[in-house]
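Trainee:
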Amino acid sequence: QDKPYVALISKGFQHQFWQAVKAGADKAAAELSVRVTFEGPDSESQVDRQIDMLAAALAKKPAAIGFAALDSQAAIPLLRQAQQARIPVIAFDSGVDSDIPVATAATNNLAAAALAADKMAGLVGGEGKVALLVHDQTSRTGIDRRDGFVNRIKSSHPKIRIVATEYGGGDHLKSTEIAKAILQAHQDLKGMFGANEGSAIGVINAVKELNRKLVVIGYDSGAPQKQAIRDGRMAGAITQNPIGIGYKTVEAALKAIKGQPVEKVIDTGFYYYDKTNIDQPDIKAVLYD
Amino acid sequence: MNVLVEMSDIGKSFPGVRALHGARFELRAGEVHALMGENGAGKSTLMKILSGIHARDRGTILVQGQPVEIASPAQALALGISMIHQELSLMPDLTAAQNIFIGREPRKGFGLLLDEARLNAQAAEIFAGLHLALDPGTPVRSLTIARQQMVEITKALSHRSRVLIMDEPTAALNAAEVNELFAIIARLKADGVGVIYISHKMDELQRIADRVTVMRDGAYVDTVPAATTSIDTIITMMVGRSLAGDHPGPAPVASAPAVLQVSGLRRGTAIRDVSFTLHRGEILGFAGLMGAGRTEVARAIFGADPVERGEITLNGRRLAIRRPQDAVRAGIGYLSEDRKQFGLATGMDVRNNVALACLGRFTGFGGLLKEGAMRDAAVRYIGQLGIRTPSDRQEARLLSGGNQQKLVIAKWLLRDCQVLIFDEPTRGIDVGAKSEIYRLLADLAQEGRAIIMISSELPEILRLSHRIAVMCEGRLTGILPGGASQEEIMRLATQRDANGVQGDAGAGARPMAEATA
Amino acid sequence: MTMAMPKQVLLAGSRLSGARHRLLAFSSLIALIVIFSLAAPDFLSAGNVIAILQSTSVNGVLAIAATLVIITGGIDLSVGTLMTFCAVIAGVVLTYWGLPLGLGVLAAIAAGSLAGLTSGTCVAKLRIPPFIATLGMMLALKGLALVISGTRPIYFNNTPGFTEIAQGSLVGLVLPALPIPNGVLILFLVAIMASFILQRTVLGRYTFALGSNEEAVRLSGVNTDRWKMAVYALAGGICGIAGLLIASRLNSAQPALGQGYELDAIAAVVIGGTSLSGGRGTIVGTLIGALIMSVLAFGLRLLSVPQEWQFVVTGSIIILAVYIDILRRGKA
Amino acid sequence: MTMAMPKQVLLAGSRLSGARHRLLAFSSLIALIVIFSLAAPDFLSAGNVIAILQSTSVNGVLAIAATLVIITGGIDLSVGTLMTFCAVIAGVVLTYWGLPLGLGVLAAIAAGSLAGLTSGTCVAKLRIPPFIATLGMMLALKGLALVISGTRPIYFNNTPGFTEIAQGSLVGLVLPALPIPNGVLILFLVAIMASFILQRTVLGRYTFALGSNEEAVRLSGVNTDRWKMAVYALAGGICGIAGLLIASRLNSAQPALGQGYELDAIAAVVIGGTSLSGGRGTIVGTLIGALIMSVLAFGLRLLSVPQEWQFVVTGSIIILAVYIDILRRGKA
Ligand SMILES: Nc1ncnc2c1ncn2[C@@H]1O[C@H](COP(=O)(O)OP(=O)(O)OP(=O)(O)O)[C@@H](O)[C@H]1O
Ligand SMILES: Nc1ncnc2c1ncn2[C@@H]1O[C@H](COP(=O)(O)OP(=O)(O)OP(=O)(O)O)[C@@H](O)[C@H]1O
Ligand SMILES: [Mg+2]
Ligand SMILES: [Mg+2]
């Protein structure tokens, strides 16, 4: 048990995206011979639960910490404690407003959602009503994806009107019900953007149950989303590289433990995938089931 | 004679209380065996051991000569032992019939479905046998306490047990119902059933009991034949000394000033234009049959229930009583007939229950309670009323029934009200304590307080009241002077509505027998 | 000597007022529907109505399970995660093991009953307060659902017909104009079954009796423990049905979902007039409660009320609806 | 006429058994601590102990608020979102309006009391069941917190000293070896205050009396409505303190957080031996309940138990802990 120990505190753990990050971290752990643990709160609003997890992780005296901050300011006192204990911190998924993390392995959600907006605009023909179904109203990822999408529509596609922005907590069933209500309220809706896996699935379910036709753009992957893209029920989706995020975080942690230089910003990238490129090897590698 | 049950050397302790030690009891087939003793003597506890509710600490129980362990009520029932509990144990949300047949519902459809029609029919049959006009489909919650008691009795009877324990079955019943019950007991006796009968009404002994066993302080005193033993002897055995002779009737109060005037009180059919005057130093007895509306009147005066119309004046000042709090502030106290539901915070200790109506008096700076003063007050009343409790910190629910009643009385004594309404103050109280309470009421009146006493026991009414108000079906049918005869009272109590309503318009001690002649 | 009461009249009177009250309990629901259909003419379109009913189905079934337990004077916090657990069990049986549909259905319901029985045993035999027993169960089942599923959704792609359980429409086959989804049908069937059990069977009688005065039932020689366990097991089985419904709607068992659903279910029960102290309650009331909640949610979304205001309005209307019900009950 | 009872002895006996019972209630907690510190030597490190206490502080304060309401026989589902609402109010006062720290603290507590008073009024005056009144309040406050904050966290960067409320350490200033955070200190102060109110004041006495038999209290001439409203308002004020604590810990008011916290708070209360049917309960018990929950959470994390198994273990141990408590109480 002389392997260095890296504690990863994520924003969640039950959702497939986080499970994919975990898979990447586990892969790196096996290949690079480190021990990792991975945990996160039930929902992305539970900032204080995440802080408790960080506190418990510190008590385990890890060699390094990987941290996906739900609210970076809230964590600063504990991150300082880590710094004092000379435990390097790697930020992942989204950044931490502080110079404590030695590296950040993250997706630029604002840019990714803006890309989704451009794709949406193209597919609906540059005008008409669209709606957003987002997983969370207050979390960093929720805000960035919403704002990235909305701002790009406003700035570059003035003829498109956003008629609804709702939040379903990423819960598949609740997202389905909300999407149905949006569709019922706007019979002439041309497109809908689901800002994470659960939201995207909710939109697909709703469209299917109401037997409607519109442009659906999703986010992340997962078997049903991939299937919907192949079927044509979903036009396409943004994917990050969760496995890469997990892998690179552990890799950077190990470097930091060994005192090697680490890239300050590791952009793990994002991609738009649709029917045409879903089977390409580079895309396939970043999708999960 | 065939001995059904033999309990010997029974011991039982609760935390802080030794309820039974060396208790004994024997029941023969076809006898009514009365079990007597003061409040807290251990009667209920002994019977709860026999019916499988409490486990005994020591001793043996023989049922028809066989030693038995009775670990649950189900086992007791299987042995042919059923019990009517002192504290009502009914399911208020179920109907009367459903209560009676709980656990033995008539079924159909391969035993899975309830046969509600048969259930109701069977219950109606039993009710008819008891001359009880009660719809089997009525939810028990909506029945008065007396009717609930009848349901409880019916339920125990319907088991057709060989041993029937009745723990104060008549505490809430009126004379007619008591007669009905005694007729049933006589029939059961003839069938060879053994009846164990617990009561604090001494006059009932001579009427139905064959033998009497007396207990004192959890121990066996003696078993004597009822026919040849005088009540006084039994009382002496119970309390360990003889009681002072009967009080003389109350002296009439001479034209004392009116304290409380009630006029034109009305609510639906429950209270129909009730008016009367209560004087300083007077005990006004309220007589009537079950459901006559006495409790309703008391609760209305006290502000516990809303009224439609009516005026209440206290010392000449008109009161607007909308809530009990208004009444209490004005100096009116009400001691309710159902202590468990309305009188006690059963989970709290004796001390706090005594102080409940006047916590304000024990509150000092910053809302702090003066526990010392509360304790002193509680201890004073424990002594004065002879409340049997290990300490003033004992939870009220752990006291015996009679002692709980005394606790409620203590609460209102402490509050020191000008007008006190006692609703069935001696229900479930032993002879000794009863005379204690009578003396107390008389003393309170002597001190100048005005008292309304509602009671279903005519002797009690006759003994204490300066005047007697009689009600029937929500109307005040008349007010009689203290010395009135039982016949006069019964006549007014059964004077069903003829035409219009009438009452005392505040005319002092003038007899109102002619009210609706 | 007792007052002669005109029995028939009294009986009829109380029956009438019972029926009248049930009618009045509808009133909040109807008021909501009227308001929403005035504000949004689309509200009463067939599609919308079906969508609302469909969205009531899962919460409705869970609320029925919760009603049974609440009538005994208990509470069941585990309904949500138990539903998920049963969905996962169905996923394991159907997808991992590849067994036929019927067995999956059976397994889900059996798993639910077993879990319910476990809660019931904790409550009845170990005397653990229902709140704690089912709270512990809620957490344990949440964990087990994740463990068994391997923290990932199980898809039912290999089980043809599975999505039909909730999404198909048997009614639509017969009456094409009325494509009521099977999920809604199942909700009503479960409601009828539960109502029947409560009103007509021994189990139902003891459910009310336990909630009314458990000690009195025990003193009557009834094996209260056994019946209580039976009620919890029945409730668990109904949660199993809810698990099938949600899995069928999502065509997958989502192991992470379920916590928080218990509050919605209990809210529906209480809005429907069932008392948390036990002894009284109706399935019809619970259905109305569940409908009030989904009508509110759907209507507010249809009116495009901003989501943060939706919470404010929902909270206020729930209080108001119950208040109106109380006022009416006082008068009735 | 009374039995001559050796009063002093009996009294002493009952006191002893009371104290003994309180000691035994600790036993589950102590057993957990022993087990964890054997399994993970770091468990008793100063840092970890302080982290556990710190993480107990918010839930502990909420649980104290919930205890008061539960003793009256009610329930308060709004504690979590009320906490958030109060945090947001503090954020508005301090950050948006730039008023001094003291006013922010006052505003949060006043807002909490006011919201509590509103729930209390619904319960006492409008006779709405506490479950519904506080459920509605929970939703309404959740929405209002989002509305007022503009759906984004409010940071307290302009209020120097705000983070000190929970994170500073007055104790550490005096005893540098014992850097107990102020949050923990506040938890204990609130507990002492609540205990004092419950045990020594009229309000406390009526809190118990209301839960024991409200009708009897009313018939004793007490203005039960007023006292009940006072209890809810007090509980609300305590939630305001929790709001300050969590805001100070996170250096921000997070408007989306809070729902679900009510369950943890109520769980701590019930684990601590307070009965949901009212009339009895202790603050010490609630503290122990809250500690059991955070010791469990921290210990399992320290042992690196996989997260899904943590749920299973937590659920089972909660049931076990309460069972042990029941067994011991039976014997004592
Ligand atoms: N569960 C209990 N816990 C503690 N003490 C109890 C309990 N039950 C009864 N006692 C005590 O045991 C003694 C005997 O009570 P019991 O109820 O048998 O009296 P009783 O003879 O029936 O009196 P009453 O005539 O007032 O009904 C009393 O002192 C009572 O306070
Ligand atoms: N046979 C009955 N069935 C149902 N309710 C009845 C019956 N008789 C009376 N009541 C109800 O009881 C109420 C009056 O009873 P109340 O308790 O005031 O009478 P009481 O004179 O105090 O008699 P009790 O001795 O029973 O206390 C009325 O509201 C009436 O509706
Ligand atoms: Mg007794
Ligand atoms: Mg009466």
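Residue numbers (the numbering used here), protein chains in the order written: chain A, 311 to 599; chain B, -1 to 515; chain C, 16 to 347; chain D, 16 to 347. Think of the CB as a built atom: it goes at the ideal place given N, C-alpha and C, for glycine as much as any other residue.
#1: Round the Cβ separation of residue 341(D) and residue 142(C) to the nearest angstrom and send it over; I've been treating them as touching at under 8 Å.
#2: Assign residue 112(D) to buried or exposed, taking buried as 16 or more other Cβ atoms, counted over all protein chains shown, within 10 Å of its Cβ.
#3: For a minimum of 4 consecutive residues, which ranges assigned as the alpha helix (DSSP H) are wholly contained in the stretch 431 to 495 of chain B?
#4: Threshold first: 3 residues or longer. Then list the beta strand (DSSP E) segments lying entirely within the stretch 353 to 395 of chain A, N to C.
#5: Just tell me which of 286(B), 22(B) and 357(B) has its CA closest to the CA of residue 56(B).
#6: Determine, using beta-carbon pairs with one atom in the stretch 92 to 107 of chain B and one in the stretch 193 to 207 of chain B, whether at least three such pairs fall under 8 Å.
#7: Could one say the Cβ of residue 299(D) lies closer than 9 Å to chain A's Cβ atoms, at least one of them?
#8: Can you grab the Cα-Cα spacing for the pair residue 507(A) / residue 477(A), in whole Å?
#9: Going along the stretch 90 to 111 of chain C in order, which residues come within less than 7 Å of chain D, judged by CB to CB distance?
#10: Taking 8 Å as the cut-off, does the CB of residue 41(B) come closer than this to any heavy atom belonging to ligand 3?
#11: Pairs of beta-carbons, one from the stretch 283 to 292 of chain D and one from the stretch 74 to 88 of chain D, closer than 8 Å: are there three or more?
#12: Less than 8 Å between the CB of residue 397(B) and some heavy atom of ligand 1, yes or no?
#13: In angstroms, rounded to a whole number, what distance separates the CA positions of residue 488(A) and residue 548(A)?
#14: Using the C-alpha atoms, what's the distance from residue 286(B) back to residue 472(B)?
#15: Examine chain D for any beta-carbon lying closer than 9 Å to the beta-carbon of residue 589(B), and answer yes or no.
#16: Could you list the residues in the stretch 300 to 315 of chain B with a C-beta less than 8 Å from some C-beta on chain D, going in chain order?
#17: Please list the partners that residue 360(C) has in chain D, where partner means a Cβ-to-Cβ separation under 8 Å.
#18: What residues of chain D sit near residue 152(C), judged by a beta carbon separation below 7 Å?
#19: If you measure from the beta carbon of residue 255(D) to each beta carbon in chain C, is any gap under 9 Å?
#20: Among the candidates 282(B), 220(B) and 201(B), whose CA atom is the shortest distance from the CA of residue 210(B)?
#21: Near residue 434(B), which residues of its chain fall below 8 Å by C-beta distance, leaving aside the five closest residues on each side in sequence?
#22: Output needed for residue 574(A): all residues of its chain with C-beta closer than 8 Å, excluding positions within five of it in sequence on either side, in chain order.
#23: Determine the chain A residues that contact residue 166(D) at a beta-carbon separation under 7 Å, and present them in chain order.
#24: With a threshold of 9 Å between beta-carbons, can residue 36(D) be considered close to chain B, or not?
#25: How about residue 428(B): is its Cβ closer than 8 Å to a heavy atom in ligand 1?
#26: To the nearest angstrom, how far is it from the Cα of residue 103(B) to the Cα of residue 149(B)?
#27: Does the separation of the CB atoms of residue 516(A) and residue 486(A) fall below 9 Å?
#28: What is the residue span of the alpha helix (DSSP H) that residue 327(A) lies within?
#29: With 8 Å as the limit, tell me which residues of the stretch 225 to 255 of chain C have their beta carbon closer than that to any beta carbon of chain B; keep them in chain order.
#30: What residues from the stretch 185 to 201 of chain C come within 9 Å of chain A, judged by C-beta to C-beta, listed N to C?
#31: Going by the C-beta, is residue 213(B) closer than 8 Å to any heavy atom of ligand 1?
#32: Going along chain C, which residues have a C-beta under 7 Å from residue 101(B)?
#33: Give me the residue from 261(B), 342(B), 395(B) and 494(B) with the minimum Cα distance to residue 305(B).
#34: Output, in sequence order along the chain, the residues in the stretch 43 to 61 of chain C whose CB is closer than 8 Å to any CB in chain B.
#35: Cα-Cα, which of 346(A), 439(A) and 369(A) is closest to residue 60(D)?
#36: Is there at least one non-hydrogen atom of ligand 1 closer than 8 Å to the beta-carbon of residue 486(A)?
Mentor: Let's see:
#1: Taking the first residue of the fourth sequence as 1, we reach residue 341(D) at position 326. Taking the first residue of the third sequence as 1, we reach residue 142(C) at position 127. So it is a contact: roughly 6 Å between Cβ atoms.
#2: Counting from one through the fourth sequence, the residue named residue 112(D) turns up at place 97. So residue 112(D) counts as exposed.
#3: 456 to 462 and 484 to 491
#4: 374 to 377
#5: Within the second sequence, residue 56(B) is the residue found at index 58, counting from 1. That would be 22(B), whose Cα lies nearest to the Cα of residue 56(B).
#6: no
#7: For the purposes of this step, residue 299(D) is taken as the residue at position 284 of the fourth sequence. Answer no: the Cβ-Cβ gap between residue 299(D) and chain A never drops below 9 Å.
#8: Locating residue 507(A) in the first sequence gives position 197, where the first residue counts as 1. Locating residue 477(A) in the first sequence gives position 167, where the first residue counts as 1. Near 13 Å, if we compare the C-alpha coordinates of residue 477(A) and residue 507(A).
#9: none
#10: As a working note, residue 41(B) is residue 43 in the second sequence. Yes.
#11: yes
#12: Looking up residue 397(B) in the second sequence gives position 399. Answer for residue 397(B): yes, Cβ within range of ligand 1.
#13: Walking along the first sequence from the start, residue 488(A) turns up at place 178. Walking along the first sequence from the start, residue 548(A) turns up at place 238. The straight-line gap from Cα to Cα measures roughly 21 Å.
#14: Locating residue 472(B) in the second sequence gives position 474, where the first residue counts as 1. Locating residue 286(B) in the second sequence gives position 288, where the first residue counts as 1. When rounded, the distance between both Cα atoms is 10 Å.
#15: Since the first and last residues shown for chain B are -1 and 515, residue 589(B) lies out of range.
#16: Those would be 300 and 302, in chain order.
#17: Since the first and last residues shown for chain C are 16 and 347, residue 360(C) lies out of range.
#18: The residue you call residue 152(C) lines up with position 137 of the third sequence. Those are 330, listed as they occur along chain D.
#19: Looking up residue 255(D) in the fourth sequence gives position 240. Judged by the 9 Å Cβ criterion, residue 255(D) is not in contact with chain C.
#20: Counting from 1 along the second sequence, the entry for residue 210(B) is found at position 212. Among 282(B), 220(B) and 201(B), the Cα nearest to that of residue 210(B) is on 220(B).
#21: Taking the second sequence and counting its residues from 1, the one referred to as residue 434(B) is at position 436. Excluding sequence neighbours, residue 434(B) sits near 383 and 384.
#22: Counting from one through the first sequence, the residue named residue 574(A) turns up at place 264. The residues are 412, 413 and 414.
#23: By 1-based counting over the fourth sequence, the position of residue 166(D) is 151. Ordered by position in chain A, the residues that pass the 7 Å Cβ test against residue 166(D) are 447 and 448.
#24: On the fourth sequence, residue 36(D) is found 21 positions in, with the first residue counted as 1. At residue 36(D), the pLDDT of 48 sits below 50, so the modelled position is not reliable; the number obtained from the coordinates is stated separately. Chain B contact via Cβ: absent.
#25: In the second sequence, counting from the first residue as 1, residue 428(B) sits at position 430. Yes.
#26: On the second sequence, position 105 is the one that residue 103(B) refers to. On the second sequence, position 151 is the one that residue 149(B) refers to. Each residue's alpha carbon lies about 16 Å from the other.
#27: Walking along the first sequence from the start, residue 516(A) turns up at place 206. Walking along the first sequence from the start, residue 486(A) turns up at place 176. Yes, these two residues count as a Cβ contact at 9 Å.
#28: Counting from one through the first sequence, the residue named residue 327(A) turns up at place 17. Run containing residue 327(A): 326 to 342, per the alpha helix (DSSP H) assignment.
#29: 226, 227, 228, 230, 231, 232, 233, 234, 235, 236, 237 and 238
#30: 196
#31: As a first step, residue 213(B) must be located in the second sequence, where it is residue number 215. True, at least one ligand heavy atom lies under 8 Å from that Cβ.
#32: Within the second sequence, numbered from 1, the residue matching residue 101(B) stands at position 103. Simply 235, 236 and 237.
#33: Residue numbering aside, residue 305(B) sits at position 307 when the second sequence is read from its first letter. In terms of Cα proximity to residue 305(B), the closest of 261(B), 342(B), 395(B) and 494(B) is 261(B).
#34: none
#35: For this step, residue 60(D) is matched to residue 45 along the fourth sequence. Of the listed residues, the one whose Cα sits closest to residue 60(D) is 369(A).
#36: Residue mapping note: residue 486(A) aligns to position 176 of the first sequence, counting from 1. Outside the cutoff, so no.
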